[in-house]
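Peer 1: First, the structure itself, so that you have it in front of you.
In this note's numbering, the protein residues as written are 30 to 1177.
Take a look at the structure:
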């Protein structure tokens, strides 16, 4: 062997020395090359292919730091630490401001059973427990107190709405809320008045605090009480919320007023003589020459000049009267706005007649909304909406503030899991609507509609911000109108529901802790890790904005199944168990919603596979760690990476799915709240901005050039030396006309643990060298077009937003040739494929498509292989003594290796996996890396025909994956696919088989087949038996997959073909193509394809699916769903205002 290798090296050297010589030496070169190939075969000299080194996630990924606010190891006093924690919910205060607040802290000592506060006492303080325990109680309708929350050291008792009342000067006493000491306790008391002195010194902090309170209010209302508990009109007050801005007048509104509103304007009346003068000046519609205002079918919009308001009552009305004569602004006419109509000539005199008293009084109230009426000049428009007009829709980003002058506006909200909408409240004259969304900058949580003719004033969000910038106190008036609109129930819940801020690396809770609450993520990211019995830790899943955590454990009262820690700074809602019980007693329909959430969780557990790192490093994730991302940092490996073009290309692809800002430099938290996903572009070095991007990221994309050497960049080396908690993904860019991916294993081995990798084929414009201004010009034109859904950047966008589409191909022998036809039909239907996987023949066809990404090329190569499989001569030569199998497997190995050569699974364009059965460990194996042809061959190993293949990694014996999972749609789902298209070609049940008795002679069966006059008998051959055995082994798993909501199950009509009918490739292909073409045409008509490509989280905020824990809690089974039989119907949507007012008085 030694001399043989030495001779071969000499031959190799002599061959290489002939390169570049004259053409006469070419025949000799060919002979030398043949000789070299012969020597390789004889000596079995093979090129060593690098294998992927299995790496464990670093400790920073799986381990949490100390528990949040660890007092024992802190250098700060406990009272300062606890106060810092609880004041932080109102925003970030600089050190001088915080020290100013600490001066107002008071220490209070309470004995067991002693009340901290009771109903009737002023609600004007924040209480923080330093030692002991408090119980927060609510007084029910029966007068009894019920505990809704237990407050432990470090936690607080306060209401953001109560804080807002104090800030706005509308302080109220406690009505139904009380707190008592459950044991001897030390409590810190911080009066809310302490903030007022800070606001005087730092006026800009006032706006931020009010906005934070409004954002928290909207989120707890929408997420905790609406999205998760299904409550709607129970959250809002139905009583008139008038702005008592003018002094009360003893004079009642006369019945002959042109627009009488009864008690609605009891607080907004003016002297009778002024009203009579106003009415007297107006034309009488019954007299000649007076024109009745025509019915307008479109909205009338007029700019209103507020300057000169508040001089006197008469001039106010005269000014409004004169403004009625002004036509539409020239700017609107030039734009040709279809919703703006120039009023007819008669409208100038008839507008005051329509509005008269209500217009004037409401106008005065609205002008008093701003201390300096001149700020409203040019920013307020007057609108008249006809009945049926929708002014704003739920989910709109561009919102405005509407102030009703006459008529009314109805506010609707969609119900959870239903298409119906319920009326939340009615905005009457003198009231505002839309101010919550304007203050928070978040999408509108309801729809505003004029059910009858309505006149209103409107201020856009941008104009309101301009007013707010010049007069910060304007937010107090707007915020107060929001607070009084909330129902008494929301005010109670504001005491009971906590806001939490968890720093990066800190544990929210630990495994085996007592579960007494449920959490909802407002922003940030959390990671769930389980500790096995052997001490090994495994990643279970990750949670992002809007996700629900701990619901199963809280409802079943089981200990925490995992440890959950913050990947980055995270804000959450904490819903205590006592609060949940109180809500269930008051609104029994909430129970149905909770059963629904619990049922989703239990059913989801039944469909989950093993953990991401259990046993094999190639096992899929139980939940996709890249799902529900909010922030993505893009980090270039070297300066040659076209990072600007990459980000613009990715932004273009993301814009087709979600709203996406690019390269932000400020207001990061607000942008994260507004947009579905945020891209952070790092600098080329470790600057403070780069550090901020890494700390803020849910996921880090490490971008490199596939054609370069797989070396670590300078910035990446710095990243390797830091404890990064965010998951990292390697993205390799390739030229459109360049070579395919290669050496991916070396790229991955050079780096620490990465959660995945992607290959992107980039258009030429990405690599073109242009100045930033020219690049912007190019992409401005690109953004005008819709992104190609089949491009690699669109695939990356779907991966980042959790909208990947997977294609899973089942096993079934020659029947699998129909896979190629269905793929061809998918391409023609415009269905993109982001992940490919399969079993047996499905693994072979899937690997071909993942390498080629073309149905035409896949068909050509699959047809050539099928012809080779049909060779009888090669089959006979491969026969062996049947101890383990009938064939040696050498011929079959050669046919597979010729197709894939030395290709590695990591070098495929699309993420790929296949399934095998490990008969050594009696387990399922999922392969995503390594020698492609070997694992494809292993997945196609029928028992009795071929010998098991020895895994080159560990030597375990691998057989056909069809014995354990013939249609692995669940694996694709766990890899992050939102939708899985599963094609099943397995054997079907056959009931017409021949009853041949207790024994069967092969010779007799052969005679029956070759004798044309003999009666034909139907007996399955060995291949059919093996195929049927594989189908029977996983029939239960197949039924679960078929019923799964995420799976689109397809079965072409290929039952008449046998397992070894590879000679009928074209016929089987055509069956699959025709079936797919017909099926996908129906999908297109039924919007199934559009729903696959739709991002439900950004398209419909309320219909987003809630993701819960990924660990099964002990004791949870289908018996937990028994209560769903006794479904409690929701209460009626109509609420009597008088009854609601009476109830509110009782509660408050």
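The beta-carbon is built from N, C-alpha and C at its ideal position, and this holds for glycine as well. None of the values given here were measured: they were computed from a predicted structure.
1) In whole angstroms, what is the alpha-carbon distance linking residue 425 and residue 790?
2) Taking C-alpha atoms, which residue in 617, 238 and 265 lies nearest to residue 251?
3) Going by other Cβ atoms of all chains shown within 10 Å of its Cβ, with 16 needed for buried, is residue 1032 buried or exposed?
4) What are the start and end residues of the alpha helix (DSSP H) that includes residue 905?
5) Confirm, please, whether the CB-CB distance from residue 182 to residue 158 is below 7 Å.
6) What number of angstroms, rounded off, separates the C-alpha of residue 1144 from the C-alpha of residue 585?
7) So if DSSP puts residue 949 in a beta bridge, which residue, or which two residues, is it bridged to?
8) Between 762, 427, 267 and 575, which has its C-alpha nearest residue 456's C-alpha?
9) Less than 7 Å separating the beta-carbons of residue 912 and residue 884?
10) Could you tell me the alpha carbon to alpha carbon distance between residue 1040 and residue 1107, rounded to whole angstroms?
11) Decide if residue 1082 is buried, meaning its Cβ has at least 16 other Cβ atoms within 10 Å, or exposed.
12) What separation, rounded to the nearest whole angstrom, lies between the Cα atoms of residue 872 and residue 887?
13) As a quick exercise: from 1054, 960 and 941, pick the residue whose alpha carbon is nearest that of residue 1004.
14) Note down the Cα distance separating residue 992 from residue 898, rounded to an integer number of angstroms.
15) Taking just the CA atoms, how far does residue 67 sit from residue 740?
16) Applying the criterion that 16 or more other CB atoms from any shown protein chain within 10 Å of the CB defines a buried residue, is residue 1036 buried or exposed?
17) Do residue 777 and residue 735 have their C-beta atoms within less than 7 Å of each other?
18) Out of curiosity, what's the CA-to-CA distance linking residue 5 and residue 975?
19) Among residues of its own chain, excluding the 5 on either side of residue 243, which ones have a beta-carbon nearer than 8 Å to its beta-carbon?
20) Hey, could you find the ends of the alpha helix (DSSP H) residue 675 is sitting in?
21) Which whole runs of the beta strand (DSSP E) in the region 852–933 are 3 residues long or more, in chain order?
22) For residue 487, does the count of other Cβ atoms within 10 angstroms reach 16, so buried, or fall short, so exposed?
23) Return yes when the Cβ of residue 253 is within less than 7 Å of the Cβ of residue 602, no when it is not.
24) Taking residue 502 as the reference, give the member of 193, 596 and 726 with the closest Cα.
25) List the DSSP bridge partners of residue 528.
26) Between the Cα of residue 8 and the Cα atoms of 443, 1077, 451 and 491, which residue gives the shortest distance?
27) According to the neighbour-count rule (16 or more other Cβ atoms, all chains shown, within 10 Å of its Cβ), is residue 263 buried or exposed?
28) When the Cα atoms are used, what is the spatial distance from residue 658 to residue 576?
29) May I ask you to report which of helix, strand or coil DSSP gives residue 504?
30) Counting only the same chain and skipping the five closest in sequence on each side, list residues whose C-beta sits under 6 Å from that of residue 190.
31) Pick from 1068, 951 and 1006: whose alpha carbon is nearest that of residue 865?
32) When the distance is taken between beta carbons, is residue 944 closer than 7 Å to residue 981?
33) Less than 6 Å separating the Cβ of residue 179 from some heavy atom of the ligand NAD?
34) Let me know the secondary structure DSSP gives residue 479 once reduced to three states.
35) Quick check on the DSSP output: the beta strand (DSSP E) that includes residue 770 runs from which residue to which?
36) Consult DSSP for residue 577 and reduce its assignment to one of helix, strand or coil.
Peer 2: From the atom records:
1) 35 Å
2) 265
3) exposed
4) 901–906
5) yes
6) The pLDDT assigned to residue 1144 is 38, lower than 50, so where the model puts this residue is not dependable, and the model offers no usable value.
7) DSSP output for residue 949 lists no bridge partner at all.
8) 267
9) no
10) When rounded, the separation of the alpha-carbon atoms in residue 1040 and residue 1107 is 41 Å.
11) By the Cβ neighbour-count rule, residue 1082 is exposed, with fewer than 16 other Cβ atoms within 10 Å of its own.
12) Between the alpha carbons of residue 872 and residue 887 lies a distance of about 13 Å.
13) 941
14) 22 Å
15) 36 Å
16) exposed
17) no
18) Since the first and last residues shown for the chain are 30 and 1177, residue 5 lies out of range.
19) 465, 468, 469, 508 and 511
20) 672–684
21) 864–868
22) buried
23) yes
24) 193
25) 602
26) Residue 8 is absent from the structure shown; the chain starts at 30 and stops at 1177.
27) Its Cβ being crowded by 16 or more others within 10 Å, residue 263 is buried.
28) 11 Å
29) helix
30) 512, 520 and 523
31) Residue 865 has its Cα closest to that of 1006, out of 1068, 951 and 1006.
32) no
33) The ligand NAD is not part of this structure, which contains no ligands at all.
34) In the displayed model, residue 479 falls within a strand according to three-state DSSP.
35) Run containing residue 770: none; DSSP gives neither H nor E here.
36) Residue 577: strand per DSSP, three-state reduction.
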